[in-house]
Every structure is written in C-alpha cells, then in structure tokens.
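J.: Reading the sequence shown from the start, the letters are residues 5 to 484 in our numbering. Yeah, the Cβ is synthetic: ideal placement off N, Cα and C, and Gly gets one too. None of these values were measured; they are calculated from a predicted model. Next up is a structure, given as structure tokens.
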Amino acid sequence: MRGFLASSIGVATAAALALPLALSTPALAAPSLGAAAPVAPAGSTQSLPLAPLGPAADRSPGVPGMSASPRLPETQGLPQREVKRFSLVGVVWDDATTQLSGRVQVRTRSVRSRTWSDWQDVDTHNSEHAPDPGTAESGSGRARGSTAPLWVGDSDGVEVRVQAEPAAPATRGATRLPSGMRIELVDPGATDPVTVVDPKNGGSGTSDGSGRADDPEGNDKGDVVALPGMTMETAESSSANVPLAPLGATEITALNKADSTADAALAGEGTLSTAARPYIGPRPRIVTRLGWGADESLREAGFVYTSTVKAAFVHHTASGNNYACADAPAVLRSLYRYHVVSSGWRDIGYNFAVDKCGTVYEGRAGGVAKAVQGAHTMGFNTDSMGVAVIGTYTTTAPPAAAVKAVAQLTAWKLGLFNRDPRAKTTLKSGGGNLFAKGTNVKLNVISGHRDGFATECPGKLLYGQLPPTRVSSAKLQGRP
Numbered sequence: 005m006r007g008f009l010a011s012s013i014g015v016a017t018a019a020a021l022a023l024p025l026a027l028s029t030p031a032l033a034a035p036s037l038g039a040a041a042p043v044a045p046a047g048s049t050q051s052l053p054l055a056p057l058g059p060a061a062d063r064s065p066g067v068p069g070m071s072a073s074p075r076l077p078e079t080q081g082l083p084q085r086e087v088k089r090f091s092l093v094g095v096v097w098d099d100a101t102t103q104l105s106g107r108v109q110v111r112t113r114s115v116r117s118r119t120w121s122d123w124q125d126v127d128t129h130n131s132e133h134a135p136d137p138g139t140a141e142s143g144s145g146r147a148r149g150s151t152a153p154l155w156v157g158d159s160d161g162v163e164v165r166v167q168a169e170p171a172a173p174a175t176r177g178a179t180r181l182p183s184g185m186r187i188e189l190v191d192p193g194a195t196d197p198v199t200v201v202d203p204k205n206g207g208s209g210t211s212d213g214s215g216r217a218d219d220p221e222g223n224d225k226g227d228v229v230a231l232p233g234m235t236m237e238t239a240e241s242s243s244a245n246v247p248l249a250p251l252g253a254t255e256i257t258a259l260n261k262a263d264s265t266a267d268a269a270l271a272g273e274g275t276l277s278t279a280a281r282p283y284i285g286p287r288p289r290i291v292t293r294l295g296w297g298a299d300e301s302l303r304e305a306g307f308v309y310t311s312t313v314k315a316a317f318v319h320h321t322a323s324g325n326n327y328a329c330a331d332a333p334a335v336l337r338s339l340y341r342y343h344v345v346s347s348g349w350r351d352i353g354y355n356f357a358v359d360k361c362g363t364v365y366e367g368r369a370g371g372v373a374k375a376v377q378g379a380h381t382m383g384f385n386t387d388s389m390g391v392a393v394i395g396t397y398t399t400t401a402p403p404a405a406a407v408k409a410v411a412q413l414t415a416w417k418l419g420l421f422n423r424d425p426r427a428k429t430t431l432k433s434g435g436g437n438l439f440a441k442g443t444n445v446k447l448n449v450i451s452g453h454r455d456g457f458a459t460e461c462p463g464k465l466l467y468g469q470l471p472p473t474r475v476s477s478a479k480l481q482g483r484p
C-alpha cells in the first residue's frame, strides 16, 4: 500500500509545504475521501516484436527509401495486421544505451475511415529525452531504448518497417539494428464525455477524452477530461499541489502578478528576498494530472526533487501535429504511458506540456511550484525544468498561442526561483553527447533541448522563437 488517507486537510497542506531536496519522498498523506470508488486504470499497451523482413517484402511498391537490392542493410518490421485499438505508436528495444541508426516507418488504419495512412516516419531521437546517466531512474533495470512516439489517432491496423543505415563504404559489414525491437501501440483510454470549448469562436463539442471528438470539422477545442474517482496514488499526486489548488482539483487557476508572489513560499527555494518577489510572473491556468486523466498507478510512488530550478529547457514532443486541442489530454495520457510502460521511466519525462491552443498541463508529479526532477534533457535534468510543446516543429511553425504560453509559464515558474529569463546560468553536466559528465556549462536560462544535447529538438522553428520568448517572459515578470 502506497499511503494512507489522513483525516484532515491540514495534513495534506503541511505535506505540500514541505521543502524536500534531492531525495524521493514517500506517499503524501491526504484527507478522507469518503466512499469514492477507485476507477479502473484507463488505457493499454500492445507490445509486438519485430522480425526480419525478407527480400520479397522489401520490394513492396510505394515504400520510400526501400530498395529491392539483395544488399539491403538489415531490415525488420511487422507485416500489415489488424490489432486492438490504439492512438500512438513507438518502437522500443532492450538496451537503453544502444542507438538506433536507421529509419523507422509506420502505416496505420483509421477506425473512422477504414483507410490506411501513407508511410509516416517516426523520429528516432534515441536517448536525448531520458534520465541522467547514473541516476536511480536510469539504473532501475527497466529503462529501454526508444524512438519518439507518434500520435496517429484512433486506429486498429498497423504495419512497421525499420531499416538500418547503410554501412559506410570504408567499413566492412552492415549497420546492425538494436536487439529486442518491438512496436508499442498505446491506447490512451476513454473517459466520460465532457463538454469542450473552442477558444477561437466559443463553440462547443463533445469528446470522450480518447482523441475521438465528435466534431466533424476538427476544430481545436480546449477543455479537459472529467474528474475520475480518487485513489491513494491520485491523492498523493494531488496533495503535492495543495494549497495552490484543493485536493482533487482538475486545474490550478490563473492568478494575477500580485497574487502570484505568494506561490514563492511553495517553491522550496527558501532564499527569495522581498526585492526579488515582484519578478514573479502571473501564474497561468494549469490543468492538473487529475484533469488530463493520468493513471497514477503507472508511475513510481513518491517524488524526486532537486535543489532549485536554474533553467527551463523547451522541447517539442515530435509526436506530430495531427491532433485537435480536445485530443491533448489523450495525447498526454499516451505519452505518459509510453514513457513509463514502454521506456521504463518512473513517470512522464516532462515537467509541463503545452498544447497548440496554449493550454498548460502539469507533467511529472510532485507539485507544479516545486523543483521536481524530470527526464527531459539527458545530462541536465538536475536543477532544471522541461516544457514540451505538443507537436513537431521542425518545418511547421509553432502556434502563437503555444509560444505565448511558454513565456507565461516560464515567467511564473522561473520567477519562483528568482531567475531572469534573459540571463545565463551554469549547470553541471550529468553526461551526454555534447558535454562530458562533470563539465560546468553556461546556458541560457530559457534554452532549447539542443543546447544541452545534440538533437533536432525542439525543432528549428520552435527553437527560433526562443529569443523573443525570453524577452516576453522577462516582461511578464516585470523586469526592466
């Protein structure tokens, strides 16, 4: 049993106000919840092994990058087959330290239209989103290598191809694929129908929370899933945000700049001066884990904190842009399940997520105002936070609403720790492909993922928005 329900709200409040540093806390106590029945865990993961594909299969027409040459590099995959419903795909393999050097492609069949998609590339971002080397999370024995996840919508058929990169002419032998590769098909699960609002025109529609909205126009919609039953694991997660929001809240409400200064007492820094407190930006509305329907039984119990938040790393999820804002809770549930069940992490890697309509979501559990250690930027997860914009922004421009939300979120959260978004800071590398472990690295307080790890993330066009975001964030803090 992970925790016991306490008898008064004071216990939860006291736990939320505690300032633990660099350690994993036990389950937080929570007030009595009466006879609320726990909800069965939502969602599921199908894990199907990939196998070698023969020359005949390699001659399939219309497959980009596939040749009929008998000298093809190693190719594995899964022939076209019908499966249980899913909405997100990714490929994982046994050894998290092994790189996948090759091309991953998938085709899926839509439940709604009954048609097969074109071949889609899956981002083989490999290890750049991961726990730091040498941490308990990376050394748990559960961590696996993984591609980026790809959101494909409600589907019930799949076909997969993974082709190794051709060997360099000067080398002998072919590039090998990692061992134990399998396709992970993630169903985010459905919730009771909720009314969602289109922030563009005030219109409404209905979504079941699975990404299968009934709006035939595909409008972006903004609200979140319904309140599920409270479990002990949920009470632990929700308690971490008391008193920013009451236990069981599905959102943390926005506050103006003056009222947001009180949040500094919850951050755990303990060093903010009276002069520094005016530089805390207005708190944005944040949808809690309960609000987007996180199955708290998936993650490890307790939370891991670092001593402070010195920098914010901006990411994109590389999961594609084919989602409406009404789908965002389902996308998050899928990313969460992929990070924990498929990749073997203790929780979702990001501290926060932002959808294309600018809604901010709580990511890794432990309290939105606190220095929760994530698994977003290998080598620099200590004393930092990770903000992921849902989508792929390499050749697609990020929506203005999402960029604005990143500025608002960083103005508030970095302000709690007295950080100027326009400044530089120094972080010590925990090990990665750009900086050796133990190296002190000077970085922007608002950095892109690629600043700490050699990667395309957060995409060229989102990365290009970071300079004006720093200025906007500092302006929201009230800095001269």
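Between Arg303 and the rest of its own chain, which residues show a CB-CB distance below 7 Å, the 5 nearest in sequence each way excluded?
T.: Around Arg303: Val344, Arg350, Asp351, Ala369.
J.: Skipping 5 residues on each side, what residues in its chain have a beta carbon closer than 6 Å to that of Ala491?
T.: Any answer about residue 491 is impossible in this case: the structure gives the chain only from 5 up to 484.
J.: Quick one: what does DSSP say Ala217 is sitting in, helix, strand or coil?
T.: In this predicted model, Ala217 has a pLDDT of only 34, less than 50, meaning its place in the structure is not dependable enough to derive any value.
J.: Determine the contact status of Ser91 and Asp160, defining contact as a CB-CB distance below 8 Å.
T.: no
J.: Does the distance from the C-beta atom of Ala315 to that of Val391 stay below 8 Å?
T.: With a cutoff of 8 Å on beta-carbon distance, Ala315 and Val391 are scored as not near each other.
J.: Using only CA atoms, which one of Asn422, Ser451, Gly482, Pro402 lies nearest to Leu466?
T.: Among Asn422, Ser451, Gly482, Pro402, the Cα nearest to that of Leu466 is on Pro402.
J.: Taking the C-alpha atoms as reference points, what is the distance between Thr386 and His453?
T.: 14 Å
J.: If we define contact as Cβ-Cβ less than 8 Å, is Leu418 a contact residue for chain E?
T.: In summary, chain E is missing from the structure at hand, where a single protein chain is found.
J.: Roughly how many angstroms separate the alpha carbons of Gly463 and Thr396, rounded to a whole number?
T.: If I take the Cα positions, the gap works out to 7 Å.
J.: Here's a check: name, in chain order, each residue in its chain whose Cβ is nearer than 6 Å to the Cβ of Thr321, leaving out the five neighbours to either side.
T.: Ala392, Ile394
J.: Where does Asp191 land, buried or exposed, given buried means 16+ other C-beta within 10 angstroms?
T.: buried
J.: Given that a residue counts as buried once 16 or more other Cβ atoms are within 10 Å of its Cβ, and exposed if not, what is Glu86?
T.: exposed
J.: Using a Cβ distance threshold of 8 Å, determine whether the stretch 447-461 contacts the stretch 425-433, with at least three qualifying pairs required.
T.: Between the stretch 447-461 and the stretch 425-433 there are three or more inter-stretch CB-CB distances shorter than 8 Å, so the stretches are counted as touching.
J.: What did DSSP end up calling Ala405 once you bin it into helix, strand or coil?
T.: helix
J.: For Met389, name the three-state secondary structure that DSSP assigns.
T.: strand
J.: I need the boundaries of the alpha helix (DSSP H) containing Tyr467, first residue and last residue.
T.: 464-467
J.: Whose CA, out of Arg113, Val162, Leu104, Thr119, lies closest to the CA of Gly149?
T.: Leu104
J.: If you pair each beta-carbon of the stretch 357-377 with each one of the stretch 284-291, do three or more pairs fall below 8 Å?
T.: yes
J.: Mind checking which residues open and close the alpha helix (DSSP H) that includes Thr473?
T.: It spans 470-481 - the alpha helix (DSSP H) in which Thr473 sits, taken as one unbroken run.
J.: Out of Ala415, Ala440, Gly442, state which residue places its alpha-carbon closest to the alpha-carbon of Gly482.
T.: Ala415
J.: Looking only at DSSP bridge pairs, what is Glu86 linked to?
T.: Beta-bridge pairing by DSSP links Glu86 to Gly161.
J.: Would you say Val313 and Met389 are within 8 Å of each other, going by their C-beta atoms?
T.: yes
J.: Taking the alpha-carbon of Leu336 as reference, which of Pro153, Ala266, Asp99 has the nearest alpha-carbon?
T.: Pro153
J.: Going straight from the alpha carbon of Asn355 to that of Arg116, what length do you get?
T.: Using only the alpha carbons, I get a separation of about 33 Å.
J.: Between the beta-carbon of Ala253 and the beta-carbon of Leu420, is there less than 8 Å?
T.: Taking 8 Å as the Cβ cut-off, Ala253 and Leu420 do not qualify as a contacting pair.
J.: Report all residues from its chain with a CB closer than 6 Å to the CB of Glu300; omit the five preceding and five following residues, and keep chain order.
T.: Glu237, Thr238, Ser241
J.: Rounding to the nearest angstrom, what Cα-Cα distance links Arg165 and Cys461 in this structure?
T.: Roughly 23 Å between the two C-alpha positions.
J.: Taking Leu438 as part of the alpha helix (DSSP H), name the residues at either end of that continuous run.
T.: No alpha helix (DSSP H) holds Leu438; DSSP gives it neither H nor E.
J.: Let me confirm a value: Arg186 is counted as buried when at least 16 other C-beta atoms fall within 10 Å, else exposed. Which label applies?
T.: buried
J.: Since Asp263 is in the alpha helix (DSSP H), which residue starts that stretch and which ends it?
T.: 261-264
J.: Just the Cα atoms here: how many angstroms apart are Pro203 and Cys329?
T.: Caution applies to Pro203, whose pLDDT of 39 falls short of 50 and renders its modelled position unreliable; the model cannot decide the point.
J.: If you follow the alpha helix (DSSP H) that Ser51 is in, where does it begin and where does it stop?
T.: No alpha helix (DSSP H) contains Ser51, which is instead part of the beta strand (DSSP E) from 48-53.
J.: Who are the Cβ neighbours of Ser347 in its own chain at under 6 Å, not counting the five residues just before and after it?
T.: Arg148, Ser150
J.: Between which two residues does the beta strand (DSSP E) holding Ser114 run?
T.: 106-114
J.: Less than 8 Å separating the beta-carbons of Gln80 and Leu52?
T.: no
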